[in-house]
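S.K.:
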Amino acid sequence: MRGDLSRRRFLAGVGAVGASALVAGCSGSGGGGGSDVLQVWGGVPAASGPGKVVEAFQRKFPQYKVNYTRFVNDDRGNLKLDTALQGGLDIDVYFTYASASLALRAGSGLAADLTDRVKGDPDLALFLDTEQPRAFLDQGRVKALATAREPYFVLFNEKLREQAGVELPHQWTVDEYRATAKKLTSGSTVGAYTIPDIARISLGPNYWYSDDNGRSNFDNPIFEQALATGRAMIDEGSAFPWSEVLARHLDAYQQNSFLKAEFNLWSTAPFNLRYLYDAKKYPHDFKVSFAPPPTVPGGGDWNGGSYNNFVMMNPKSTKTEAAWQFIKFWLTEGSAPMLAGGKIPTLGNVTNDQLRAGMLGKEPDKYFDLDSFQRVVLDAEPKLATDTKLAGFPEINLAYGQQRDLCWLGEKSPGPAIREVYRLANAAIARNEGSA
872 MRGDLSRRRF LAGVGAVGAS ALVAGCSGSG GGGGSDVLQV WGGVPAASGP
922 GKVVEAFQRK FPQYKVNYTR FVNDDRGNLK LDTALQGGLD IDVYFTYASA
972 SLALRAGSGL AADLTDRVKG DPDLALFLDT EQPRAFLDQG RVKALATARE
1022 PYFVLFNEKL REQAGVELPH QWTVDEYRAT AKKLTSGSTV GAYTIPDIAR
1072 ISLGPNYWYS DDNGRSNFDN PIFEQALATG RAMIDEGSAF PWSEVLARHL
1122 DAYQQNSFLK AEFNLWSTAP FNLRYLYDAK KYPHDFKVSF APPPTVPGGG
1172 DWNGGSYNNF VMMNPKSTKT EAAWQFIKFW LTEGSAPMLA GGKIPTLGNV
1222 TNDQLRAGML GKEPDKYFDL DSFQRVVLDA EPKLATDTKL AGFPEINLAY
1272 GQQRDLCWLG EKSPGPAIRE VYRLANAAIA RNEGSA
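Its first residue numbered 872, the sequence shown is counted upward by one per residue in the numbering used here.
1) At the level of alpha carbons, what is the spacing between GLY1263 and PHE1197?
2) Near LEU1098, what residues of its chain come up, given a Cβ to Cβ distance below 7 Å and the 5 sequence neighbours on each side ignored?
3) Determine, using beta carbons only, whether PHE1161 and VAL1061 come nearer to each other than 8 Å.
4) Does the segment 1177 to 1192 come within contact of the segment 1077 to 1096, defined as at least 3 CB pairs closer than 8 Å?
5) Is the beta carbon of LYS1254 less than 8 Å from the beta carbon of ASN1180?
6) Taking the alpha-carbon of PRO1092 as reference, which of GLY1170, TRP1113 and LEU1202 has the nearest alpha-carbon?
7) With a 10 Å radius around its C-beta and 16 neighbouring C-beta atoms as the bar for buried, classify GLN1125 as buried or exposed.
8) On the premise that LEU1202 lies in contact with LEU1016, defined as a C-beta separation below 8 Å, what is that separation, rounded to the nearest angstrom?
9) Quick one: any contact between the segment 1212 to 1230 and the segment 982 to 990, if contact means 3 or more CB pairs under 8 Å?
10) Are the Cβ atoms of VAL1037 and PRO1165 separated by less than 8 Å?
11) With 16 as the cutoff for other CB atoms within 10 Å, does GLN1010 come out buried or exposed?
12) To test your reading of the DSSP string, which unbroken alpha helix (DSSP H) runs of 4 or more residues are found completely within the segment 1018 to 1076?
13) With C-beta atoms as the reference, is THR1257 less than 8 Å away from SER1206?
14) I need the DSSP call for LYS990, collapsed to helix, strand or coil.
15) Kindly indicate the opening and closing residues of the beta strand (DSSP E) around TYR1271.
16) Any idea what DSSP makes of LYS838, helix, strand or coil?
17) Would you decide whether GLN1003 is buried or exposed? Buried here means 16 or more other CB atoms lie within 10 Å of its CB.
18) Please tell me whether VAL989 and VAL964 are closer than 8 Å, where the distance is taken between their beta carbons.
19) If VAL1182 sits next to PHE966, beta carbons under 8 Å apart, how far is it from one beta carbon to the other, in whole angstroms?
20) Can you list, in chain order, the residues of its chain with a C-beta nearer than 8 Å to that of GLY1313? Leave out the 5 residues immediately preceding and following it.
21) Does DSSP classify ARG941 as helix, strand or coil?
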């Protein structure tokens, strides 16, 4: 019951912007192809890897046919998927990318129990690791498996970095990140898109939740510091104006502004590299270099990234054996094509050469600084987080986003904004205890 209530509250929050996109958000076939065809929904364009995974799967298992439907991984696209799942559309396997959606779908009975299948397969033993979780457990049962390892890094526009005389950092603090953004700010370019999630970097997994049951963690000073630093950078002009971020939906489409050199520092993950190695489709005239995420003095050394891109099976599927074969294939021998979409396999079953070729395109030296890619992406062993506490997460996510927006628009100070998040988060957790 609690899961259903959370779902309704969340959908009410995004329904206003998503109601008109129930069809337009999908570039696939919308789930057609016949009832005997395995229906898979994902947020990655078919041309960025899923198409080749499907082709390879069908070659190995000719008895199965697969239809891949792409939904855009934003509020509208996720509403499209949620509506399809709740409405009983023929969907067998689907992908979830945001923790809010993960909590909703698992808590609303939209995820099949995969526990026994995982336990019975030695190739998937890593998903039973509770020290560094790569699976999402709902009340002790495996409901979703992370298909990708998504470390964060900071991208530099090399042309503008060299013009500004800024050194490429091998390690740096959040204060140095801000100072660098100031140096990179010019009349035509903002120094940074925004500040990295320094609370996540400092606190790691489950950072929104206190160790004390039933309470949120937003009274930790790092959350107010994060809002204050972001607001200060916007006010001084070293971070992108938040009014433009919201008006232009840059929270989902930052790559366009980065390619146009509207801002320089971009804290992001490998999935956005696919926009940077095809200058014909995505025109730009600069190389990109890599720096690690900044650290927070006195905080932890978490990367800010996570195990992500969770694959889930619809409990209403009538093709469970085919669905499971597809899930396992995607996780194991079929994972390499997803490198084209910047998806590093969770199980690590690819070589560095495959990673480099798959993620950086056919002419990597033309578009990327390979030394920094080697150092920051291939050689590093980042601490990645997987949240395991998600009680009330969709409501908390909505509350945090609303208060952050008010703060970064200059309509509310950081202290009152984060105190309101703390109040709303505690109430959401109290309403949803036991549902996640």
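Positions of the beta carbon are idealized from the N, C-alpha and C atoms, including for glycine.
M.R.: Reading from the atomic positions:
1) Position 392 of the sequence shown, counted from the first residue, corresponds to residue 1263. Position 326 of the sequence shown, counted from the first residue, corresponds to residue 1197. Each residue's Cα considered, the two are about 31 Å apart.
2) One-based indexing of the sequence shown puts residue 1098 at position 227. Annotation for LEU1098: ARG1275, CYS1278, PRO1285, ALA1288 and ILE1289 place their beta carbon closer than 7 Å to its own, counting only its chain and skipping 5 residues before and after.
3) Translated into positions along the sequence shown, residue 1161 becomes position 290. Translated into positions along the sequence shown, residue 1061 becomes position 190. The Cβ-Cβ distance between PHE1161 and VAL1061 does not fall below 8 Å.
4) The segment 1177 to 1192, when compared against the segment 1077 to 1096, does not touch it at the 8 Å Cβ threshold.
5) The residue you call residue 1254 lines up with position 383 of the sequence shown. The residue you call residue 1180 lines up with position 309 of the sequence shown. Contact flag unset, no.
6) In the sequence shown, the residue the question calls residue 1092 occupies position 221. Checked all of GLY1170, TRP1113 and LEU1202; the closest Cα to PRO1092 is GLY1170.
7) Mapped onto the sequence shown, residue 1125 falls at position 254. Burial call: buried.
8) Along the sequence shown, one-based indexing puts residue 1016 at 145. Along the sequence shown, one-based indexing puts residue 1202 at 331. Contact holds; Cβ gap of about 6 Å.
9) Segments in contact, no.
10) As a working mapping, residue 1037 is identified with position 166 in the sequence shown. As a working mapping, residue 1165 is identified with position 294 in the sequence shown. No, Cβ-Cβ distance for VAL1037 and PRO1165 is not below 8 Å.
11) Mapped onto the sequence shown, residue 1010 falls at position 139. Flag for GLN1010 reads exposed.
12) Counting only runs of 4 or more, we get 1029 to 1035, 1045 to 1055 and 1069 to 1074.
13) The count along the sequence shown starts at 1 and reaches residue 1257 at position 386. The count along the sequence shown starts at 1 and reaches residue 1206 at position 335. Taking a C-beta distance under 8 Å as the contact criterion, THR1257 and SER1206 do not qualify as a contact pair.
14) One-based indexing of the sequence shown puts residue 990 at position 119. DSSP places LYS990 in helix when its eight states are reduced to three.
15) Residue numbering aside, residue 1271 sits at position 400 when the sequence shown is read from its first letter. Annotation for TYR1271: no beta strand (DSSP E) segment contains it, though the alpha helix (DSSP H) segment containing it runs 1264 to 1279.
16) Look at the range of the chain in this structure, 872 to 1307, and you will see that residue 838 is not part of it.
17) Working through the sequence shown from its first residue, we reach residue 1003 at position 132. Result: exposed.
18) Locating residue 989 in the sequence shown gives position 118, where the first residue counts as 1. Locating residue 964 in the sequence shown gives position 93, where the first residue counts as 1. No; because the gap between Cβ atoms is not below 8 Å, this pair is not in contact.
19) Position 311 of the sequence shown, counted from the first residue, corresponds to residue 1182. Position 95 of the sequence shown, counted from the first residue, corresponds to residue 966. Here VAL1182 really is in contact with PHE966; their C-beta atoms are around 6 Å apart, less than 8 Å.
20) Limits of the chain in this structure are 872 at one end and 1307 at the other, which puts residue 1313 out of reach.
21) Along the sequence shown, one-based indexing puts residue 941 at 70. Strand, per DSSP.
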